[in-house]
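The block underneath contains the structure these notes are about, expressed in structure tokens.
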Amino acid sequence: MCQVLNFLYRIPRILRQILIPLLRQLLFVCQWLDSQTLTPVPLFRLLPSDPVNGPQNVNVVDIRARQLTLQWETFGYAVTRCHSYNLTVQYQYVFNQQEFAAEELIQTSSHYTLRGLRPFVTVRLRLVLANPEGSKESEEIVKQTEEDVPGSVPMESTQTGPYEEKIFMQWKAPNETNGVITLYEITYKALSSLDPSADLTTQRGRVFKLRNETHHLFVGLYPGTTYFFTLKASTNKGFGPPVTTRIATKIAAPSMPEYETDTPPLNETDTTITVLLKPAQSRGAPVSFFNGMPGALKWRSCVSTMNTVDIGDALFEFIKPLVIMFLGQLALFLGRWFIKTFTSTY
81 MCQVLNFLYR
91 IPRILRQILI
101 PLLRQLLFVC
111 QWLDSQTLTP
121 VPLFRLLPSD
131 PVNGPQNVNV
141 VDIRARQLTL
151 QWETFGYAVT
161 RCHSYNLTVQ
171 YQYVFNQQEF
181 AAEELIQTSS
191 HYTLRGLRPF
201 VTVRLRLVLA
211 NPEGSKESEE
221 IVKQTEEDVP
231 GSVPMESTQT
241 GPYEEKIFMQ
251 WKAPNETNGV
261 ITLYEITYKA
271 LSSLDPSADL
281 TTQRGRVFKL
291 RNETHHLFVG
301 LYPGTTYFFT
311 LKASTNKGFG
321 PPVTTRIATK
331 IAAPSMPEYE
341 TDTPPLNETD
351 TTITVLLKPA
361 QSRGAPVSFF
371 NGMPGALKWR
381 SCVSTMNTVD
391 IGDALFEFIK
401 PLVIMFLGQL
411 ALFLGRWFIK
421 TFTSTY
């Protein structure tokens with residue numbers, strides 16, 4: 081019988097279509113015992129033909145984030161209707177708005193693990209039993225893979241706005257969410273400061289943001305300080321890989337203490353005034369120098385002097401240069417007028 085089958089496989093398909101019906105009529109009354117199902121089968125069914133049906137009782141017995149394990153009912157010649165057949169799995173899913181479709185050949189008899197899938201996607205699959213005469217499909221199965229930890233937040237989407245005592249940070253969701261984003265975690269700590277007197281031991285913290293909150297304003301920071309930030313996203317499976325960045329706050333002007341207006345100077349002469357300066361509070365960098373305002377100091381000196389000097393003498397000293405300037409301008413005007421009048425008369 082094997083020789084007959086081998087002969088039929090070699091001849092062209094047109095001849096097979098003529099010879100097979102004739103052999104079926106001859107072998108209709110003959111039977112053989114199927115080695116797998118142990119049931120008598122008419123001998124004419126040993127001739128090549130389409131599979132009786134597709135794989136039966138196909139189930140997904142294991143679901144993970146990136147793989148599915150299939151199991152089905154074993155079948156013998158009574159189903160395949162040919163010694164030469166193959167079994168394939170066809171599947172498709174949509175990821176990032178793109179459709180993926182593939183087909184894999186199955187070498188095992190009753191189970192197969194489909195690998196290389198994407199997490200948290202809906203997979204549509206079916207098994208296809210085929211021989212040289214035709215093919216039959218199983219029922220379509222629709223399953224969703226499990227969630228996985230998300231990918232990293234895209235670094236190019238991170239936007240920052242440093243200020244003197246605060247930093248604004250904004251970001252986007254990972255390109256591969258691998259599920260539903262539940263949280264964002266941001267940790268930060270101060271690395272260094274331009275002000276050596278700054279205490280950075282307390283400049284650290286951790287912030288959690290919900291899935292729809294992709295920005296945060298960090299306050300209470302030190303000016304002129306470099307901070308190290310770590311940002312990562314999370315699903316129900318856990319946190320994904322972090323991204324890191326460094327951001328420095330701007331240097332702020334030092335804060336000056338208040339001075340009492342009635343505080344007398346340490347020393348005062350006709351051209352100089354000596355005052356006692358209180359230490360300024362640095363904010364991001366050491367205080368390099370003090371910038372005085374001579375005009376304001378001279379006015380304060382004048383006010384304090386007027387308390388002890390006669391008011392008439394002080395007023396005379398103030399008006400004296402104005403009177404001299406006025407008399408000079410008057411003399412110049414009269415001189416020009418006299419010359420002009422004398423020249424026109426003579």
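Residues 81 to 426 in our numbering are what the sequence shown spells out, letter by letter.
C-beta: ideal position from N, C-alpha, C; glycine also.
Query                                                                                                                               : Result
Check Asn387 in the structure and name its three-state DSSP category.                                                               : Only weak support is given to the placement of Asn387: the predicted model assigns it a pLDDT of 45, under 50, and the value that follows is read from those uncertain coordinates. Here Asn387 sits in coil by DSSP.
Can you tell me which of the three DSSP states Lys252 falls into?                                                                   : coil
Can you tell me the Cβ-Cβ gap for Thr354 and Pro345, rounded? I've got them flagged as a contact below 8 Å.                         : 6 Å
Going by CA-CA distance only, name the one from Ala270, His295, Gly196 that's closest to Gln283.                                    : Ala270
Could you please give the first and the last residue of the uninterrupted beta strand (DSSP E) stretch that includes His163?        : Note, His163: premise wrong, no beta strand (DSSP E); not H, not E.
Less than 8 Å between the C-beta atoms of Ser218 and Pro322, yes or no?                                                             : no
When the Cα atoms are used, what is the spatial distance from Phe418 to Leu356?                                                     : 58 Å
Work out the CA separation of Pro212 and Tyr165 for me, nearest whole Å.                                                            : 7 Å
Whole angstroms is fine: what's the gap from Pro135's alpha carbon to Leu209's?                                                     : 7 Å
What is the C-beta distance between Thr168 and Val203, in whole angstroms, given that I count them as a contact (C-beta under 8 Å)? : That belief does not hold up - the Cβ atoms of Thr168 and Val203 are roughly 15 Å apart, past 8 Å.
Are the CB atoms of Ile261 and Phe298 nearer to each other than 8 Å?                                                                : no
Would you report the Cα separation of Thr188 and Ile143, rounded to the nearest angstrom?                                           : 19 Å
Quick one, are the C-beta atoms of Gly450 and Pro254 less than 8 Å apart?                                                           : For residue 450 there is no data in the structure shown, the boundaries of the chain being 81 and 426.
If the criterion is Cβ atoms closer than 8 Å, does the pair Pro334 and Arg363 meet it?                                              : yes
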